[in-house]
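In this note's numbering, the protein residues as written are 943 to 1236.
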């Protein structure tokens, strides 16, 4: 079994996936960890050139001694199911989820492998360089190891739910029974259940990835996902008999109306881009909330 599976769920992003795989190939070559890695790409029923990209680049990884696996779903099963299939199909001792449109720093593989040298690690949560938690204001400022989750250190979960970046999470590959919940994030579900079963995790101050400059053009979910992650956190704490501790985290419920207006206002001030579908969704939420309040 290899040490680490780098798992990439993808859908209809052939050009971006090709860029990611070519960059990853160069980083693997320079890392010195070729024999310890597996690359796994799960195509969620793409109808563009995704499969051709995967098949064209697979031999280059195999040539340098890297195991390369790809999954081809017959149809789009949704991002949550695609992430779950990545995890269940991985052969590495650990799984590092990498978004197909994120960029890895040149020392990212070494940073991950350095943390995995500690065999007691169940999961690792890294910094991800994106506003508001960029290089100047990192979410994780110092390395912290939590050996077990209990009512005394429940606050350590707050960062994971506050900043649920896919590429920021590395988890031990174990047999899990996953209870997927609608509109929630499978990678957090996996992360938390590994933490519970294995017994803790590491928060690392290392930055391992960053988005493209035009990442706002690719966002396909509403910006107040914090309310979804709050819901997931409450579900998880209830399942592990720590529901009474939720209130101690003091996580505010976000205003759908307020956040929607905030993002729309920033868009019309040319502070950043919003794609058409997300902009329409924000306006729908504004109208819905105003009707409800009246």
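Glycine residues also receive a C-beta, built at the ideal position from the N, C-alpha and C atoms.
Point to revise | Beta-carbon contacts of residue 1171 that lie in its chain and below 8 Å, excluding the five residues immediately before and after | key: 1103, 1104, 1106, 1126, 1127 and 1130
Exercise for review: Grab me the residues of residue 1004's own chain with a C-beta within less than 6 Å of its C-beta, minus the 5 sequence neighbours each way, in chain order.
Suggested key: Within the same chain, residue 1004 has close Cβ partners 1010.
Point to revise | Neighbourhood of residue 992 by C-beta distance below 8 Å, restricted to the same chain and skipping five residues each side | key: Around residue 992: 952, 953, 954, 955, 956, 959 and 985.
Point to revise | Touch test, the stretch 1038-1055 against the stretch 967-981, Cβ-Cβ under 8 Å, three pairs minimum | key: yes
Check your understanding: Does DSSP put residue 984 in a helix, in a strand, or in coil?
Key -> strand
Check your understanding: What is the rounded straight-line gap between the Cα of residue 1020 and the Cα of residue 1026?
Key -> The alpha-carbon atoms of residue 1020 and residue 1026 are separated by roughly 10 Å.
Practice item. List the whole-angstrom C-beta distance separating residue 1136 from residue 1114, where the pair is believed to meet the contact cut-off of C-beta under 8 Å. Key: 5 Å
Practice item. Kindly provide the ranges of any beta strand (DSSP E) runs that are 3 or more residues long and lie completely inside the stretch 1134-1180, ordered along the chain. Key: 1143-1153
Practice item. Find the nearest neighbour of residue 1087 within the set 1143, 1051 and 1035, judged by alpha-carbon distance. Key: 1143
Check your understanding: Run through DSSP, which three-state label would residue 1127 get?
Key -> Residue state, collapsed to three classes: coil.
Check your understanding: Residues bridged to residue 1011 by DSSP?
Key -> Under DSSP, residue 1011 forms a beta bridge with 982.
Point to revise | CB-CB length for residue 1081 against residue 966, believed under 8 Å | key: No, residue 1081 and residue 966 are not in contact; Cβ-Cβ is about 24 Å, not under 8 Å.
Point to revise | Under the three-state DSSP convention, the category residue 1087 falls into | key: strand
Point to revise | Coil, strand or helix - residue 1036 by DSSP | key: Residue state, collapsed to three classes: strand.
Practice item. Assign residue 947 to buried or exposed, taking buried as 16 or more other Cβ atoms, counted over all protein chains shown, within 10 Å of its Cβ. Key: buried
Check your understanding: Would you call residue 1207 buried or exposed, if buried means 16 or more other Cβ atoms sit within 10 Å of its Cβ?
Key -> exposed
**Study point:** Pairwise C-alpha distance: residue 1178 and residue 980
**Key:** So the two alpha carbons sit approximately 30 Å from each other.
Review point. Since residue 1201 is in the alpha helix (DSSP H), which residue starts that stretch and which ends it?
Key: Note, residue 1201: alpha helix (DSSP H), 1198-1210.
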